[in-house]
Structures are given as structure tokens and as C-alpha cells.
Amino acid sequence: MNDLVINLKTKPDISKPQWDQRTYYGRVRHFFTLTNPLTLFSSETRQEKCREIVTNYRKGIISDQLTVNELWRAKALYDATYHPDSGEKMFFLGRMSAQMPGNMLINGMLLSLYRTFPGVVFSHWINQSFNAVVNYTNRSGNVKTSNERLLLSYLCATGGAMSAALALNAMVKNKNSVAARLVPFAAVAMANCINIPMIRSNEVTEGLELRDERGELVGRSRKMAVLSIAQVTMSRIFMAMPDMVMTPIIMNRITRTAYYRTRPWMKKYSEYPIQTMLAGMALFFTTPMCCALFPQKTAVEVTKLEPASQNEIFSRADAPEVIKIGIAAAETNQTGSVGWSVCGGAVPLAIERLRQFGFVENFDFEYIVEYTECDLGSVVRAGMKFIKEDKVDVIIGPPCAQALRTMSILASNSRKPVLGYGFVSDSDLSDVIRFPYLTTVLPNSQMLGFAVAKVLQQYHWSRVAMLYYQSDIQYCSSVMTDVESTLSDPEADFDVNIVIKAEIYLNDNQTTDIVLQSVKSRARIILWCSQTAFEKRDYLLKMSGHDMISDEYVHIMLSMRNIAFGVQSSLGKSVFSQSGLTPIWESFSEGTDGFESIAKQAAQRMLVLDVNSEVTDKAYLHYMQNNIIRAVREAPMNCSTMACMSANNTVMGAYARHLFDVVYLYGVALTHTNSTDPEVYSNVDVIVPQFITSFQGMTGEVKISTNLTRMSIFQLYGLNEHYDQVAYINFTFLNEKMNVSLFYKDEGPTVWHFYSNHRPLDIPICGFLGKSCPVSFFQQYQLLIIVALVVIILMLITLIIGCCFIMSSRRAEQLRINSEWQIPFLSLMEPENRKNAHHTSKRSLQSAQTGESKTTAISDFCENYTIMIYEKDLGLNYLHKSFLRLHGNLRSATCLVNDSWQVKLAEFGIENLVENEIPPKKRLLWVAPEVLRGSLTVSEMDPSADVYSFAIVASEILTKKEAWDFLDRKEDSEEREGNPICQFAWITTFKCHRSAAGSSEV
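Just so you know, we're using our numbering here: the sequence shown kicks off at 1 and counts up by one.
Printed below as a string of C-alpha cells:
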């Protein structure tokens, strides 16, 4: 509604109210807008702007910024402020928007001043004066009412109201207070009965204007004037009833309370405000709701008018020709499908639709309905009456095959066209030799049989079962007979074996159970037919109850109603995007019945072969569903039977859309005759050929062939993953050949997505009883497979054992090799007892050799010093990057070398064990200067201290001398250390005491 008006292809028609005035709901919404008291407070600028928008729009001048909402809001304020005929601004007290506040104050006065003579006179004079202002302000611009007549009606109404009030007050003077409080209502009702007829008395004398669909005046009717005046009077009385009846009752109850009686000031001052408030609350709703009781414009058959009005209309030179339509209806036979109460409204709706598209403009229609109930005797009587007495131009129905045959034979003798709908798809009805003037909008069931054959051939199904619901009219029986004859045709391209054909029953579960058990043992592809929506849903529930909804089953429903998976209902539930119909698994009530999920699951195994059901104008289909019951009750149908009056407003007959289309077809053909001469359009040789046409109807695209039946355009429907109805295959019968068009490329995921993407078979792999499954490979070679498996298992076990042995041997060898260079932890903890002893497997870089081995050891040491430096460096790198962070006590004595010249670092954390022992001064030769100066503990050192110590060790290796060339120096260790003398507390702390003489470098 926020769309720009200028961008719309179809512009809003502001010459009519925004809401449909044919429905009470639409009229109520219109009058709520018209009587809105807030419009009285709109500014002059706003009113003038709205007038400009409306007047410009009527001239075709549309602003680029004007939205649909703004247009309708401007139209609402314009209607509430300006006179509809003259366009002049109305006096604010006379506007419809002043009705609620004005009547609220006046009714409060009438209900409060009813006791005294002055009060009665004054209050009724004020009331009738206000009514006179309203009547004068809203006087019609077409029907002139003189000021004298307005004054006379005003005086009479005022006098009548005062007289009635005073007389009734005298009558109830000694009665209870409730009766006295109701006197104002009686007086107002009497005043309305005087005022309205007197003001509109000229309509009774001259007649109410009658206009055709184009708005042209065609005559006047006194009968309709009397009816109109009576309706207005009733609406005015009903408008006053709630507040002037309920308010006195409520006020009487209030005055009897102890709280009210004990407070005299309330009796004196509160009665008028309370009653005014209650009246205002009631009038806010009753004013628009009672104004909407009767439509301002209504359609009426010309034949329902008085003879003088009929003659006046028919005598006009441009008077439309009246087409008499005889309708052979059925009500008690298959009510849900073809009952007149749920289908008859399609006839006037089709005429209305024809006029919207410019058809039948020069024709009026008269309907003659006879209830034949498909009884042959009644059909003959109705047919003779239509032809001999009523002299109808066309006959509709009856909606049953055998009865239609009888009616068509009668019509053929009298050369009258017959329109068929309902259960009339038997193949013999398309015989133009036998029934030359019979036209239907349904294809015949023989064409359905050809489509079924193509479906079975497409999916390679040659074995099927056929089920159909029993009924008195034998519709499904006839359909299945035609399909069976087509499938059994010896000249058919594809052989089909029909293993069972049986009736099932809606209310006989025992017989149906026997049939379904027989089907389970014989078939998996089931063709079935039903007549009503209840039977459709019943079938789904029965299939679920008999466990016939597994992946093996496919249930193909055969239909020719353009419904497929849908039902025709207006309950406001979800609808299919393609057809606009409610899904079959939904319940037929506004609530749920608990079986929706079961029926929906069963629908997964269902396909539907039906006539193309895609409706292009889904909005009008929805409108038709909501208004078909109203249309059959109102003029021109005026059905007043018990069935029509009690029909459910949310249900539309299964064949109502077909009735709509067949009437629409006749209207198109009638217009195409291009003549209003009865000698032309009543000539079957002229009008019958016009039936061969096409149009978009309420059952999809309608194409009538040369045999006066609908061209066969069948489609195979299924459900997609979102449970929306989709078409899979299109079947078109052309040139005596059924053509097939696929709507998919990949059959598996498109058609069989509920079947794990695999097409079901007509004969299950394990047979119908599940006992004929083919022997599997394992079952055939079970012994050989077991022996092979045992051998393979033994080989695997042997292989695993061998692998484990090899891995164990390699692990043992690795341990042996590692043991050659690994030093046990306990060995590292042993103290060095012999400082000068030579050990062949472990030595330090500082250890010395005596005797003959000295030269050899030093030589070996020198040859491998580069390797030791490398390994030692790598060891420090690893140490510094580990959680240990540094060694802290690195010197030659802590570097141990084994026989493989692998260096091992020793004395990690030994400071924790000997923290109170003072080490020799000689050990300080490897300590970094910053450690000596800062008296740092190991935890306070940086890894760079280890680097310094490593450099000292490396110098020993390169020079082949002890640190600082200790052996060749003259001074002892203490002298070399110089002054200050550092006393070393092992690991925990270094304390340096400097002398006054200064210090020397280490």
C-alpha cells in the first residue's frame, strides 16, 4: 500500500469505496472511516489538500510522490468533509463524522430529562433539530427535496416524538423505573418512523431511481423505494437501540446501589455524565455497524420489479436483452460436490466477471432453478417446463451423467444448447452426433485413460490395482470403467495387468479392510478415484492405517476436477502456490483434528493425474471462495432453501469452479455472436460454434475442442520437499495421439525424493508377501566365504606377530646402542674418590694422565677437540632453551667424556645438596666476572655466565693447558685471585669483602 500510484498498472478506483460493499465487513470498514469523529478536527489546510488530491486524481493528474495509502486517506477525509454530489464543504454538525459525538450528547440528555414536561419537550426538540440539520446537509443532489418538505417532516417528527414521549410517560407513571427510562427510545423510534418516510415521500410517489451496470438511469420503482425507506428506518432504530436500551438498564442498576443512594449529590449531578458516557461508548460502534446493515446499492432482477417498472425498462430502445437460463440443480445428492447451495453462487459471479472484461454488456439474465436431484423423472419434467413454459435460451445441468443424457436429448429435439458440469466426464457425452448441442468444460474419462497408460509406460509399471469409492451416481465407477477399457485395449502400445478392481467405502471400514488386504498381496501401484474431499482424506488415513505408505507403494489418484492435491475451502489455512487451494491433508474445520500429520505423511506416497489446475488469477479465486455462499443467497439467485441459508461460508462445492467456467463460456460465446437479436443468439447453429474457444478460467486454461468438450491437457502432480504441489509431466491429446512433455531432467531427486531417489517397482524385489527375496551372494557361498575369512584372519595375525617381533628386536638393539653412551643417574651421584685415577669409560676434560698413557690421551684429546666443542655447544644451546635455563657451575671437571668421545655435563643442581660447603678458590677460575662482582646465585645468573665458563673450557682445549695456565704460574690460587679475597658460599650466595687497598682483576 506504500507503492507509488503512478507506477501501478491498475490504478485505484476512488469512484467506489476502498472496501467491497457487497460484504457486510467491507461496508462496516467503509462507515468506520466515514463516521470517524477525528475528521472533525482536521485543519482547513489538510482538508483543502485532500480535496485537491481527489479532484486532480479524477482528472488524471497524479503526483509523482503520491502513494496508495495517501490517496485513500485523502479520499476518506474528502468523503467525510465534502458533499458527494455537489462537492461543497458540509456544515460540520451535519457531517456523518458528527453523528457519534452529537448523538452521544443528545441521547444523554434524552435519557436524563425524561421525567419532566419541559425536559421532554426540550430534549426531543434538540434531537429532531439535529436530525433536521443532518438530513438537510446530506440531502441528495439527484432527488430534490424541497425546503417545505424538510420543514414539514421536521415539525411532524418533533411533534410525534414529543407526543409519544409524553403519552408513554403518562402510561408508565406508576410503573417501575426501567419502563420509564425506556420511554425516550420509544419516542425516538416513532420519530424515525415519521421523519424518514416523510423526507423521502417523493421517492414513493415518483419511484426510486434504477440504474444499470454503466450507471445509466433505466427507470424508477416505487416498490424498491418502499423497501429502501424501510431499510433506512430499521437501521436508524437499530442504531439507537443499544445505547437507549442498555444504558437505562445499567443506570437503573446503578441507582439502586447503596453507594449511589447514600450520596445525594450523585443523583443530582452524575446521571447525565454517566449516561452520556455509556451512550458514547455504544454509539462509537453502533453508528458505523448499523449504517452498514444494508448495501447502499443492490442488484435486483427486472422480473422482481412491479409490472410498470418492467415495461418501462423493456420499452427502452437501448434496453438489454434478457437471457433466460434454466438450471436443473441438485441439492441433496452429493451436496459437497454439486449441491446448489455451495455451487449456485458461481453463476452470478461468472456474469459479474464477464462484465468486468466487457462481455454480455447488452444482456441481462433471468434464472429459473428447478431441483431435479439427478432423478430422471424430475429431469424430464424440468426440461419440458424449461422448453415449453419458460422458453429458456440455455439449460445448465443436471450435474450427473445419466440425467444429463436425458436433458440433452430433450434439448436436441428443441434445439436448445445445454451446458454440462459436475459428474459428466463419461466418454459417450462427447459424441457430437448423439448430443450435438451439449458442451462441457470437463474432458472425458477416455482421455484420462490414455494419460494413465502413458504414466505407466513412462515408469515401466505393468501391474496395477484399481480402487474407487462407491456412490449412488456411479461417477468413479464410470471413470474406472473407461480407464480400464483403455488400458485393456489390445492395440495399446503398453500391456498393463490389472490384478484387482474393487470398490471401497467411506463408512464401511470392514469391507474396505478386506479389499486393502487383498491389494497388499497383489499390487504396489494403485490407481484410485474419489468424488469428494472427505473421501480423499479418508483414503490417505486408511492407507496409513494399513501400513501402505512404505517406499514400495505409489498411490495415483485419477481426477478431472482441476484440483489435484487441493480442496476448495476458505478456512484461511495454507494454500498451494500453483492452484491456490488448501492441501488435502488439512482438516475441514477451522481447528485441527489431530490427523493432519498422518495424512500429510501418506500424501508423500501419492501422485495425482488431473487436468491442468494452474489458475492465473488466484486473487479472484480466493474472492470466489469467500463470496460464493453470499452470491447464491442474494439477488439475483435469492436462494432461500434451508440448505442455502445454513450453508457453511467457508466451503465451496467441488464443481463450483466448473459451473463458473461453463457459464463464462456461454457468456463469451453469446458476446461473440455480435448480436442482440433473439433470432441470432437463440439459433444453435450460430451460438454453438462460438463455444469452440479458449480462455483462462477458474479451473485453469479452458480450451473447447470441436466435439464440444474440453481439450485434454492432463498433468501428473506430486509434492516437492516443501510439500508444495508441482507438475512433473504434461499430457496433451492432439491428432488422436497423447503427447508427453517432461518438466524435469533428473527423475530420481525430482519425482522420487520421498523414495530415497529411487523409482518404486510394480513388483517388489521380495515379492508382495516379502518371502521371495533373491538369494544373496553370501547365502550362496557362505562356507567358502567363512573359510576365506578364517585364512585371511590367520594371515593377518601372523603378519601382526611378525611385525611386533621385528619392532621388538629393533627396540632392543637401540637400547644396546644407547647403553654404550648413556650414564646411569646413580653413577653421576658417586663422589670422585680418586682424583688422579684413569678410567677407560669416563673422564673429564680436566683429568690428567700419568706415565705412558699421558701422551696418548692428550693426542686423542687434541684430535677430537673440535667434535667435543661442537657437541658441548649443542648441549648448552639445548640447556639454555629448556626449563633448566642454565648450568651455573660449568668447568672442565663437569664435562665428562666417554669412550665414544661424547661429552656429558654433570653436577646439575648439586648446589642444593652442598649449599653450606665452601668450594675451593680454584673453581672461581671459570666463573664469569659479573657473577663475582654481583655475588650472584645460580638462580640469579643469566645464561651468558655459562657462555663465559664455556669459553674458559674451550681455551683449555685449544691451548692444551689448564685454565689461566695455572700450572706454569708462580703464584698460588689465592694470590692469583688477588685482593679482595672472596669467600664463596656454594650456590646460596657469594660475599665479597674488598680491602681498602683496592682490587685486582681476576
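Don't be surprised by glycine CBs; every beta carbon is placed ideally from N, CA and C.
8 Å CB neighbourhood of residue i in its chain, flanking five on each side removed
i, result
"residue 505", "469, 470, 511, 512"
"residue 223", "305, 306, 309"
"residue 757", "748, 749"
"residue 768", "520, 521, 522, 523, 524"
CA-to-CA distance, residue j to residue i, given in whole angstroms
i, j, result
"residue 939", "residue 883", "12 Å"
"residue 618", "residue 658", "15 Å"
"residue 800", "residue 815", "22 Å"
"residue 367", "residue 4", "43 Å"
"residue 1019", "residue 433", "Residue 1019 lies beyond the stretch modelled for the chain, which goes from 1 to 1002, so this question has no answer here."
"residue 877", "residue 952", "17 Å"
"residue 601", "residue 305", "56 Å"
"residue 503", "residue 519", "12 Å"
"residue 1003", "residue 701", "Nothing in the structure corresponds to residue 1003, since the chain is present only between 1 and 1002."
"residue 323", "residue 312", "18 Å"
"residue 885", "residue 954", "21 Å"
"residue 623", "residue 209", "29 Å"
"residue 186", "residue 156", "16 Å"
"residue 352", "residue 487", "43 Å"
"residue 30", "residue 23", "11 Å"
"residue 191", "residue 122", "15 Å"
"residue 342", "residue 161", "47 Å"
Residue burial classification, residue i (beta-carbon count within 10 angstroms, cutoff 16)
i, result
"residue 748", "exposed"
"residue 296", "exposed"
"residue 785", "exposed"
"residue 933", "exposed"
"residue 715", "buried"
"residue 585", "buried"
"residue 490", "exposed"
"residue 207", "buried"
"residue 855", "Below a pLDDT of 50, predicted positions are generally treated as unreliable, and residue 855, at 45, falls in that range; the measurement from the model is reported next regardless. Residue 855 should be labelled exposed."
"residue 614", "buried"
"residue 33", "buried"
Beta-carbon proximity list for residue i, same chain, < 6 Å, skipping 5 on both sides
i, result
"residue 91", "137"
"residue 712", "443, 447, 733"
"residue 632", "344, 345, 639, 644"
"residue 475", "423, 531"
"residue 727", "715, 717, 743"
"residue 99", "35, 287"
"residue 593", "587"
"residue 321", "363, 676"
"residue 562", "611, 613, 699, 700"
Contacting residues, own chain, Cβ-Cβ under 7 Å from residue i (five flanking each side not counted)
i, result
"residue 119", "113"
"residue 231", "294"
"residue 608", "557, 559, 564, 565, 717"
"residue 863", "Any answer about residue 863 is weak, because its pLDDT of 45 lies below 50 and its placement is not dependable; what the coordinates show is given next. Nothing listed; no residue qualifies."
"residue 16", "none"
Interface flag, residue i vs chain D, CB-CB below 7 Å
i, result
"residue 782", "Among the chains in the structure shown there is no chain D, since it carries only a single protein chain."
Just to confirm the assignment: which complete beta strand (DSSP E) runs, minimum length 3, are found wholly within the region 157 to 213?
Restricting attention to beta strand (DSSP E) runs no shorter than 3 residues, the region 157 to 213 encloses them at 208 to 211, ordered along the chain.
If we require 3 or more residues per run, which beta strand (DSSP E) segments fall completely within the region 484 to 570?
Correct list: 497 to 504, 525 to 529, 554 to 558.
Three CB pairs or more closer than 8 Å across the region 473 to 481 and the region 514 to 522
As far as the Cβ criterion goes, the region 473 to 481 does not touch the region 514 to 522, which means the pair count is below three.
State whether the region 102 to 116 contacts the region 267 to 281, with contact taken as three or more CB pairs (one from each stretch) at a distance under 8 Å.
They touch, by the three-pair rule.
Counting only runs of 3+ residues fully inside the region 432 to 488, write out the beta strand (DSSP E) ranges in chain order.
Entirely contained in the region 432 to 488, the beta strand (DSSP E) runs reaching 3 residues are, in chain order, 438 to 440, 463 to 469.
Please give the ranges of any alpha helix (DSSP H) in the region 29 to 115, keeping only runs that are unbroken, at least 4 residues long and fully inside the region.
As far as the region 29 to 115 is concerned, its whole alpha helix (DSSP H) runs of at least 4 residues are 44 to 58, 68 to 81, 99 to 112.
Between the region 407 to 418 and the region 433 to 443, do at least 3 Cβ pairs fall closer than 8 Å?
Because the criterion of three Cβ pairs below 8 Å is met, the region 407 to 418 and the region 433 to 443 touch.
Between the region 694 to 712 and the region 373 to 383, can you find at least three pairs of beta-carbon atoms closer than 8 Å?
No, because fewer than three Cβ pairs between the region 373 to 383 and the region 694 to 712 fall closer than 8 Å, the two stretches do not touch.
For a minimum of 3 consecutive residues, which ranges assigned as the beta strand (DSSP E) are wholly contained in the region 748 to 807?
Annotation: the region 748 to 807 contains no complete segment of the beta strand (DSSP E) (minimum length 3 residues).
Is it the case that the region 196 to 213 contacts the region 239 to 247, given that we only count it when at least three CB pairs across the two stretches are under 8 Å?
Touching, no, given that fewer than three Cβ pairs across the two stretches are closer than 8 Å.
Report the residue ranges of all beta strand (DSSP E) runs contained in full by the region 361 to 444; include only those spanning at least 3 residues, in chain order.
You should have 363 to 371, 394 to 396, 418 to 420, 438 to 440.
Could you say if the region 324 to 343 and the region 540 to 559 meet the contact criterion of at least three C-beta pairs nearer than 8 Å?
The region 324 to 343, when compared against the region 540 to 559, does not touch it at the 8 Å Cβ threshold.
Would you call the region 73 to 81 in contact with the region 118 to 132, where contact means no fewer than 3 C-beta pairs closer than 8 Å?
At 8 Å Cβ cutoff, the stretches do not touch.
Are at least three pairs of beta-carbons, each pair with one atom in the region 387 to 401 and one in the region 413 to 422, less than 8 Å apart?
They touch, by the three-pair rule.
Pairing CB atoms from the region 252 to 267 with CB atoms from the region 53 to 67, are three or more of them under 8 Å?
Too few Cβ pairs lie closer than 8 Å, so no.
Just list the beta strand (DSSP E) runs in the region 679 to 745, keeping only unbroken ones of 3 residues or longer that don't cross its boundaries, in chain order.
Segments of the beta strand (DSSP E) lying fully in the region 679 to 745: 694 to 697, 700 to 703, 713 to 719, 725 to 734, 737 to 742.
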